[in-house]
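Here the structure comes first, spelled out in structure tokens, and everything after it is commentary.
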Amino acid sequence: MAQSRVLTLLSLICMCFAGATAAEPLPAGPGLAAKHPGDRGIAQDADVLFADDFESGTVAEIAKRWGEMSNKGGDVVELADDSPAGSGGRRAIQMTARLDHNTGGHLYTTFDGVDQAYARFYVTFADEPGYIHHFVHFGGYRPATRWPQGGAGDRPRGDDRVTVGIEPFGHNGRTPPPGDWNFYTYWHEMKKSADGRYWGNALQPPTPRRVPAGRWQCVELMMKLNTPGQRDGELALWLDGEPVMHIHRGVRRDAWTGLGFHVRDDDGGEPFEGFDFRTNAALKINFFWLLHYVTDDALRRNGVTDFAKPNRVWFDNVVVARRYIGPITPIAGDAAPPQPRN
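Letter 116 of the sequence shown, counting from 1, is numbered 138 in our numbering, and no numbers are missing.
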């Protein structure tokens, strides 16, 4: 018996030195949304920090509900007659970037700060989509602000901000638009880029996940902030209720550079040392930024020469919560919603 206890202790010590960890397995399929078919009433759920299905109000009223909107010229952010299947709704938010007039737009909201949060939204791109520069962001600012902060190219201190974007990445035009999903992450231990600046580290799943065009997709991300002084922070991604990436201490990764890294699903590479997202527990997750940002630089980088084409995307059924949300549970007997207006 004593020998067994010694062997167990030695095994645990070896695991610690190897960087292994016993992260909780990710949920899949139905989640909190299953309690609210069609997402009806989900905004009143005790676990929900913010929710909007865009079924009520004008664009101006929706902007007040969120707190901050960018809508240059008044025609970037519009309401559209469309919604994901099963949502129980008939409207979505449409954002259109036209580089001769604007670089797109956004809706931005804040909520009471938490140490772990989930953000789910539905998105559909046009049948012939374009490349984008930045997309939906999630994270924390200290102090909290009623508008998005800057900081591109600069590394956070550790007590001031932590952000993750879920973004289509075109791989310099090698992937058809809008690209593959990846995390675009800023935190105080991020790696420096070749130009000496700190641009968001791209964290990518083992298998590329192409962003579909012309159909709705359910996207959900999770951020868990670390205990200060420990490397127990986590990031996770689900697509249509399927877990596709879970980054935590001990998960295998390939080489980490200023460009970021790929998560691995085999025994290659090396174990990830874990996320030390913050140095101060006062830094919390407290904002969600529904962003559609397009620039001529992003188009050039992906080999696009036609800058005149509108770049359009639709969003719906946004939910930010303290626990896993999952895809919409359809309402029995509901008719299918109209198709996207591409």
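The C-beta atom is built at its ideal place from N, Cα and C for all residues, glycine as well.
Going by beta carbon distance, what residues of the same chain come within less than 8 Å of residue i, once the five residues before and after it are set aside?
i, result
"V28", "For V28, the pLDDT reaches just 36, beneath the cut-off of 50, and the residue's location in the model is therefore unreliable, leaving the point undetermined."
"N194", "R323, N324, G325"
"F329", "L121, D122, D318, L321"
"Y315", "A119, T125, G126, H128, I154, H155, H156, F157"
"P52", "G263, G348, P349, T351"
"A216", "G280"
"G370", "Absent from the structure is residue 370, since the part of the chain shown begins at 23 and ends at 364."
What does the Cβ neighbour count give for residue i, buried or exposed, with the cut at 16 atoms within 10 Å?
i, result
"D318", "exposed"
"K214", "exposed"
"P308", "Looking at the sequence provided, one finds Asn at residue 308 rather than Pro. The residue is buried, with at least 16 neighbouring Cβ atoms inside 10 Å."
"N324", "buried"
"H123", "exposed"
"K57", "exposed"
"T207", "buried"
"T229", "exposed"
"T80", "exposed"
"N223", "buried"
"R141", "For clarity, residue 141 is Ala in the given sequence; the question names Arg instead. Buried: at least 16 other Cβ atoms inside 10 Å."
"E295", "exposed"
"G385", "Residue 385 lies beyond the stretch modelled for the chain, which goes from 23 to 364, so this question has no answer here."
"A354", "exposed"
"T132", "buried"
"A304", "exposed"
"G108", "buried"
"Y346", "buried"
"D104", "buried"
"P47", "exposed"
"T327", "exposed"
Below 6 Å CB to CB, which residues in the same chain sit around residue i once its five sequence neighbours on both sides are set aside?
i, result
"S92", "G127, H128"
"I115", "F76, F337"
"L247", "D137, G255, F299, R300"
"C240", "Y144, D262, P349"
"L259", "L243, V266, M267"
"K86", "none"
"R232", "D202"
"R62", "G110"
"A166", "T132, N308"
Helix, strand or coil for residue i, going by three-state DSSP, please let me know.
i, result
"L71", "strand"
"K246", "strand"
"P190", "strand"
"R27", "At R27, the pLDDT of 43 sits below 50, so the modelled position is not reliable; the number obtained from the coordinates is stated separately. In this structure, R27 counts as helix in the three-state DSSP scheme."
"L321", "helix"
"A42", "In this prediction, A42 has a pLDDT of 45, which is less than 50 and means its spatial position is unreliable; what the coordinates show is noted afterwards. Coil."
"Y346", "coil"
"Q171", "coil"
"R142", "strand"
"G60", "helix"
"G296", "coil"
"W260", "strand"
"W88", "helix"
"G83", "Before going on, a small fix: residue 83 reads as Glu here, not Gly. In the structure shown, E83 sits in a helix (DSSP, three-state: H, G or I)."
Thinking C-beta only, is residue j closer than 8 Å to residue i?
i, j, result
"I154", "P200", "yes"
"Q171", "R183", "yes"
"G263", "G187", "no"
"L71", "V342", "yes"
"N302", "P250", "yes"
"G135", "G60", "no"
"N333", "G192", "no"
"L101", "R113", "yes"
"F205", "R253", "no"
"R164", "D181", "yes"
Using beta carbons (cut-off 8 Å, strictly below), is residue i in contact with chain B?
i, result
"Y144", "Considering every chain present, this structure includes no chain B. It has just one protein chain."
Am I right that residue i and residue j are in contact with their C-beta atoms under 8 Å? What's the rounded C-beta distance?
i, j, result
"D176", "Y220", "6 Å"
"R55", "R344", "Sequence inspection shows Ala at residue 55; the Arg mentioned does not correspond to that position. Not confirmed; about 14 Å, so no contact."
"T146", "W238", "5 Å"
"L257", "L225", "7 Å"
"R274", "R286", "4 Å"
"G162", "K306", "5 Å"
"W381", "H159", "Limits of the chain in this structure are 23 at one end and 364 at the other, which puts residue 381 out of reach."
"A73", "A82", "Not a contact, Cβ separation roughly 19 Å."
Leaving aside the five residues before and after residue i along the sequence, list all residues of the same chain whose C-beta is less than 7 Å from its C-beta, in chain order.
i, result
"A277", "F283"
"W169", "E90, Y130"
"A50", "G263, E264, P265"
"M212", "R177, Y220, N223"
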